[in-house]
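First comes the structure, then the notes that go with it.
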Amino acid sequence: MNALHPIRPADPAIHHLTRRQLTQLIVELRTEGREFGLLWPSAGPGETTLDGRGLVALGNVPASTLVNLLALIREFRRHQGRR
356 MNALHPIRPA
366 DPAIHHLTRR
376 QLTQLIVELR
386 TEGREFGLLW
396 PSAGPGETTL
406 DGRGLVALGN
416 VPASTLVNLL
426 ALIREFRRHQ
436 GRR
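Position in the sequence shown counted from 1, then plus 355, gives you the working numbering.
Next up, the structure:
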């Protein structure tokens, strides 16, 4: 994950994510994103599309959005630690 190079929804690197891994990423986003107002209590792993993309059930957001949000939070925190 890199905030400067976001993952695209069709990126093959995301196709291997399981429901359990998506759930873990959602829990991490809820925890890490709370201070930024990223509160999605109803989020959960969603369907898998025909081309293999995993979706997150909060309006059928691609899993890449979840990964990219976590990357942005981590990048922000890393820069905050430098000050």
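Using N, Cα and C, we set each Cβ at its ideal position, and we do this for glycine too. Keep in mind the model is a prediction, meaning the values are calculated, not measured.
Range of the contiguous alpha helix (DSSP H) that encloses residue i
i	result
E387	R374 to G388
Residue i versus residue j - alpha carbon distance
i	j	result
P417	T373	13 Å
Q379	R385	10 Å
P361	N423	6 Å
I428	Q376	18 Å
L421	R433	18 Å
I381	P364	16 Å
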